[in-house]
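Residue numbers (our numbering): 1221 to 1656. The C-beta atom is built at its ideal place from N, Cα and C for all residues, glycine as well. Treat the numbers as computed from the prediction; the structure is a model and nothing was measured.
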Ligand SMILES: *Cc1c(COP(=O)(O)O)cnc(C)c1O
């Protein structure tokens, strides 16, 4: 399968090259040239999530060097459970728990598949690959965990000093080994700017094979479609209904994976994009005008995105506002409503949502009774609540439990250096570091 840029300014590339490059040379995002059809019968009844991922990604990797290794890659990436759990006493309402991986957020799925793929693609004689990520929360931790200890790779994570939660900071700084963490005296935007400057820097380019592993990489997106495929077929086989998903959304990667799964022919009905106070997407669907803006900071911070990058892929798939309105709906939930939903659902169902998942739970609660009954709803649980103790403990008290995998990360020693947001400082820190 060939992949083309959304901007049409470069030739098509194969699966491996799309993964290696991340962004296309014309600044666009890679999308499949054609859409294969994967009807329910394509997937074996008893397939594991890794099997689903192998079968789903296979047509995209056809003819590529990675094709013969897919089963191994997906086994390596999907080595944790992704259960669909019902909500007691409410029919047609389930939660897809994407947060049982090493850093307890859905980003583990894509980051682990990409890391496994990149390490297969690297030859022993190649220069060391330097992954460079700016992070405001979950991405840096998932990428660090996925590349931690992989020969031939090192990871540098930049986060804004004092602007990530203590728990998030621990997940960025607890690795050591081939992972280096920097607290930047500035904002997330400063961190991102620094990463861009580093990619353009001749001295760093001469020393390292720089790579971003960021969320627009196809290698992070495609494996995410696998859990939608599996969840929708589970609903289809149990209830004879298509599944409708409510997806907590920031950069639109996770929701796009759901839209792609539907495009492939999986039994998915409605897709509801649930955003926090960053309303670029709902405003666009309402007005037809795309107006990206600076992000607003909220308690669902991994969704604080004012210019969702994957909209470029969605508009490429569905050019025209009417097509988009047909395909998805969107709703915005502010911090007060997130907090209220956490408290209500804890009291009503005994469930504790992370602030991001609570955005989706609130979106469900705002559906009319008729809409709720007309569809089988699955809310997407994007992170484990224990990652957000600072926000949630005041709302639910001591009921919040930390799973052992997360506790193991909290118990590791933390180490990081502080940087001013200047390329010269980052450069010398990267050039002089001796990482394992
Ligand atoms: C990244 C993230 C999101 C947003 O996902 P996108 O793919 O950027 O839309 C939602 N919830 C959590 C917990 C996240 O880490």
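So does the region 1401 to 1415 actually touch the region 1443 to 1458, counting three or more Cβ pairs closer than 8 Å?
no
Which word fits residue 1543, buried or exposed, when buried means at least 16 other C-beta atoms lie within 10 angstroms of its C-beta?
What you label residue 1543 is simply residue 323 of the chain shown in a count that begins at 1. With fewer than 16 other Cβ atoms within 10 Å, it is exposed.
May I ask you to report which of helix, strand or coil DSSP gives residue 1252?
Locating residue 1252 in the chain shown gives position 32, where the first residue counts as 1. DSSP places residue 1252 in strand when its eight states are reduced to three.
Counting only the same chain and skipping the five closest in sequence on each side, list residues whose C-beta sits under 7 Å from that of residue 1279.
Reading the chain shown from its first residue, position 59 is the one you call residue 1279. Answer for residue 1279: 1221 and 1256, listed in chain order.
Status (buried if at least 16 other CB within 10 Å, exposed otherwise) for residue 1359
One-based indexing of the chain shown puts residue 1359 at position 139. With 16 or more other Cβ atoms within 10 Å, it is buried.
Rounded C-alpha distance that separates residue 1662 from residue 1427
Any question about residue 1662 goes unanswered here, given that the chain covers just 1221 to 1656.
For the alpha helix (DSSP H) that residue 1534 lies in, which residues bound it at each end?
By one-based count along the chain shown, residue 1534 stands at place 314. Run containing residue 1534: 1531 to 1537, per the alpha helix (DSSP H) assignment.
Does the beta carbon of residue 1244 fall short of 8 Å from some heavy atom of ligand 1?
As a first step, residue 1244 is located in the chain shown; it is residue number 24 there, counting from the start. No, the beta carbon of residue 1244 sits no closer than 8 Å to any heavy atom of ligand 1.
According to DSSP, residue 1314 sits in a beta bridge with which residue or residues?
Looking up residue 1314 in the chain shown gives position 94. Answer is 1306 and 1598.
Give the C-beta separation of residue 1404 and residue 1381 to the nearest angstrom, bearing in mind that I take them to be a contact with Cβ-Cβ under 8 Å.
Residue mapping note: residue 1404 aligns to position 184 of the chain shown, counting from 1. Residue mapping note: residue 1381 aligns to position 161 of the chain shown, counting from 1. Rounded, the Cβ-Cβ distance is 6 Å, consistent with contact.
Let me make sure I understand the geometry here. Which of 1302, 1239 and 1325 has the alpha-carbon closest to that of residue 1388?
By one-based count along the chain shown, residue 1388 stands at place 168. Measuring from the Cα of residue 1388, the nearest candidate turns out to be 1325.
Taking 8 Å as the cut-off, is the C-beta of residue 1358 nearer than that to any heavy atom in ligand 1?
Here residue 1358 refers to the residue found at position 138 when the chain shown is read from its first residue. Residue 1358 Cβ: within cutoff of ligand 1.
Report whether the distance from the Cβ of residue 1523 to the nearest heavy atom of ligand 1 is below 8 Å.
In the chain shown, residue 1523 corresponds to position 303, counting from 1. Checking the Cβ of residue 1523 against ligand 1 gives yes.
According to DSSP, residues forming a beta bridge with residue 1587:
On the chain shown, residue 1587 is found 367 positions in, with the first residue counted as 1. Residue 1587 is not bridged to any residue.
Which residue comes first and which comes last in the beta strand (DSSP E) that contains residue 1374?
One-based indexing of the chain shown puts residue 1374 at position 154. Element bounds for residue 1374: 1373 to 1380.
Since residue 1461 contacts residue 1596 with CB under 8 Å, what's their CB separation in whole angstroms?
The count along the chain shown starts at 1 and reaches residue 1461 at position 241. The count along the chain shown starts at 1 and reaches residue 1596 at position 376. Contact holds; Cβ gap of about 5 Å.
So the candidates are 1608, 1506 and 1517; which of them puts its Cα closest to the Cα of residue 1623?
For the purposes of this step, residue 1623 is taken as the residue at position 403 of the chain shown. Closest by alpha carbon: 1608.
Residue nearest to residue 1343 in terms of C-alpha spacing, selected from 1371, 1356 and 1351
As a first step, residue 1343 must be located in the chain shown, where it is residue number 123. The option with the nearest alpha carbon to residue 1343 is 1371.
Can you give me the C-alpha to C-alpha distance between residue 1644 and residue 1330, rounded to a whole angstrom?
The residue you call residue 1644 lines up with position 424 of the chain shown. The residue you call residue 1330 lines up with position 110 of the chain shown. C-alpha separation (whole angstroms): 32 Å.
Going by the C-beta, is residue 1472 closer than 8 Å to any heavy atom of ligand 1?
Taking the first residue of the chain shown as position 1, residue 1472 is located at position 252. Yes - ligand 1 has a heavy atom lying nearer than 8 Å to the Cβ of residue 1472.
Note down the Cα distance separating residue 1657 from residue 1497, rounded to an integer number of angstroms.
Outside the displayed range of the chain (1221 to 1656) lies residue 1657, so it cannot be described from this structure.
Runs of alpha helix (DSSP H) wholly within the region 1427 to 1498 (minimum 4 residues, chain order)
1438 to 1459 and 1473 to 1483
Would DSSP call residue 1226 helix, strand or coil?
To locate residue 1226, count along the chain shown from 1; it is residue 6. Coil at residue 1226, not helix or strand.
Specify the secondary structure class of residue 1258 as computed by DSSP and reduced to three states.
For this step, residue 1258 is matched to residue 38 along the chain shown. If DSSP states are grouped into helix, strand and coil, residue 1258 belongs with coil.
Could you give the residue range of the alpha helix (DSSP H) that holds residue 1565?
Your numbering for residue 1565 matches position 345 in the chain shown. That run of the alpha helix (DSSP H) goes 1555 to 1569.
Leaving out five residues on either side along the sequence, give the residues of the same chain with a beta carbon under 6 Å from the beta carbon of residue 1313.
The count along the chain shown starts at 1 and reaches residue 1313 at position 93. Excluding sequence neighbours, residue 1313 sits near 1307 and 1597.
Going straight from the alpha carbon of residue 1606 to that of residue 1286, what length do you get?
Here residue 1606 refers to the residue found at position 386 of the chain shown. Here residue 1286 refers to the residue found at position 66 of the chain shown. Their Cα atoms are separated by approximately 36 Å.
Reduced DSSP secondary structure (H/G/I, E/B, other) of residue 1299
Residue numbering aside, residue 1299 sits at position 79 when the chain shown is read from its first letter. Coil at residue 1299, not helix or strand.
Cβ distance (whole Å) where residue 1453 is taken to contact residue 1258 below 8 Å
The count along the chain shown starts at 1 and reaches residue 1453 at position 233. The count along the chain shown starts at 1 and reaches residue 1258 at position 38. Not quite, the Cβ-Cβ distance comes to about 10 Å (not below 8 Å), so this is no contact.
From the DSSP output, in three-state form, read off residue 1348 for me.
If you number the chain shown from 1, residue 1348 lands on position 128. Coil.
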